[in-house]
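Please read the structure below before turning to the comments.
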Amino acid sequence: MGRRSTGRGGELRVRIAEEAARIIREQGVRDFLLAKRKAAERLGITDRHALPANQEIADALAAQQRLFGGAEHEANLRALREEALRAMRLLDRFRPRLVGPVLAGTATPHTDISLHLFADVPEDVAFLLMERGIRYQAGERRVRLGNGSHVSYPSFAFDLGGALIDAVVFSEQAVREAPTCPVSGGPMRRARAEEVEALVVDRA
112 MGRRSTGRGG
122 ELRVRIAEEA
132 ARIIREQGVR
142 DFLLAKRKAA
152 ERLGITDRHA
162 LPANQEIADA
172 LAAQQRLFGG
182 AEHEANLRAL
192 REEALRAMRL
202 LDRFRPRLVG
212 PVLAGTATPH
222 TDISLHLFAD
232 VPEDVAFLLM
242 ERGIRYQAGE
252 RRVRLGNGSH
262 VSYPSFAFDL
272 GGALIDAVVF
282 SEQAVREAPT
292 CPVSGGPMRR
302 ARAEEVEALV
312 VDRA
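First residue of the sequence shown: 112, per our numbering; consecutive thereafter.
Printed below as a string of structure tokens:
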């Protein structure tokens, strides 16, 4: 749940949240902090206390997609989830989990597919991709854990012919504890392949 908006400060938060959501939806901005700062600048609002929480922006984005997206948004979301399933089946041995906007239903045409993988030897992911002839870019992703610490994990970005897949590799043991969601502030929601498949079928 986002913070309740009351009074002048609440009205400003609503305006910034709606403008930030529009920026994300139309321009493909992925960083919520950047989107809210750009929104505040465009609206001429300088009060830092008026900046909305990430969840407020996510709620505004979902509302705009329902209002303006219609069938086009539904088709894009379905295509992204189908592509996610394809990647998850390819990476099945690493117990993949779908996370982020594609799972939440707030993905835009600019959204990458975010996966969490689990392997004590991250290079095993690279070996599998190479065996399948899939070109990838190795990197790192910094995430916040439940205890408040920030840790960088290996990541592999690749394209299966559709959307870009961004897969972060955690240790085997980390499957039991999800990192902190940058939107809600709680544990990040993760979905197995069968859960994603059910979402695709439900929206068919």
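Backbone N, C-alpha and C fix where the C-beta goes; we use that ideal spot for every residue, glycine too.
| request: Sort GLU251, ALA237, ARG301 by Cα distance to SER263 and report the nearest one. | output: Of the listed residues, the one whose Cα sits closest to SER263 is GLU251.
| task | Pick out whichever of GLU130, ALA161, ASP142, GLY139 has its Cα sitting closest to the Cα of ALA174. | result | The residue from GLU130, ALA161, ASP142, GLY139 with its alpha-carbon nearest to that of ALA174 is GLU130.
| query | Which one or two residues does DSSP pair with PHE269 in a beta bridge? | reply | According to DSSP, PHE269 bridges with TYR247, ILE276.
| query | Do ALA150 and ILE276 have their CB atoms nearer than 8 Å? | reply | ALA150 is not a Cβ neighbour of ILE276, given a cutoff of 8 Å.
| Cβ shell of ALA146 (< 6 Å), same chain only, five flanking positions each side left out | Apart from sequence neighbours up to five positions away, the residues of its chain that approach ALA146 with a beta-carbon distance below 6 Å are ALA131, ILE134, ILE135, VAL140, ordered along the chain.
| task | Could you give the DSSP three-state label for ALA302: helix, strand or coil? | result | If DSSP states are grouped into helix, strand and coil, ALA302 belongs with the strands.
| task | Kindly confirm or deny that the segment 179–193 and the segment 218–235 touch, where touching means at least three C-beta pairs closer than 8 Å. | result | Touching, yes.
| query | Short check: CB of LEU196 to CB of ALA304, under 8 Å? | reply | In this structure, ALA304 lies closer than 8 Å to LEU196 by Cβ.
| For ILE320, does the three-state DSSP call read helix, strand or coil? | Look at the range of the chain in this structure, 112 to 315, and you will see that residue 320 is not part of it.
| task | For the segment 209–265, list the alpha helix (DSSP H) runs that are entirely contained and at least 4 residues long, ordered along the chain. | result | 212–215, 234–242, all fully within the segment 209–265.
| message | If the criterion is Cβ atoms closer than 8 Å, does the pair VAL294 and ALA169 meet it? | response | With contacts defined as CB atoms closer than 8 Å, VAL294 and ALA169 qualify as a contacting pair.
| Where do the N-terminal and C-terminal ends of the alpha helix (DSSP H) with LEU196 fall, by residue? | 181–201 is the span of the alpha helix (DSSP H), which, as asked, contains LEU196.
| PHE281 bridges to which residues according to DSSP? | For PHE281, which the question treats as bridged, DSSP gives the partners PHE229.
| task | Thinking LEU209 and VAL307 are a contact (beta carbons under 8 Å), I'd like their distance in whole angstroms, please. | result | Correct: roughly 5 Å between the Cβ atoms.
| message | Considering only their Cβ atoms, is the gap separating PHE229 from ALA285 smaller than 8 Å? | response | Yes, Cβ-Cβ distance for ALA285 and PHE229 is below 8 Å.
| If you drop the 5 nearest sequence neighbours on each side, which residues of the same chain put their C-beta closer than 7 Å to that of ASP231? | Excluding sequence neighbours, ASP231 sits near SER282, GLU283.
| task | Drop a sphere of 10 angstroms on the beta-carbon of THR222, count the other beta-carbons inside from all chains shown, and report buried for 16 or more, exposed for fewer. | result | It is buried - the Cβ of THR222 has at least 16 other Cβ atoms within 10 Å.
| field | Alpha carbon of VAL279 to alpha carbon of ALA186, nearest angstrom | value | Going by the C-alpha atoms only, they are around 26 Å apart.
| request: Could you tell me if ALA309 is buried or exposed, where buried requires 16 or more neighbouring beta carbons within 10 angstroms of its beta carbon? | output: Counting Cβ neighbours within 10 Å, ALA309 comes out exposed, since fewer than 16 surround it.
| query | What residues in its chain sit with their C-beta under 8 Å from that of MET112, if we drop five residues either side in the sequence? | reply | Below a pLDDT of 50, predicted positions are generally treated as unreliable, and MET112, at 39, falls in that range; the measurement from the model is reported next regardless. Same-chain partners within the cutoff: GLN166.
| Which stretch, first to last residue, makes up the alpha helix (DSSP H) that contains LEU172? | Element bounds for LEU172: 165–175.
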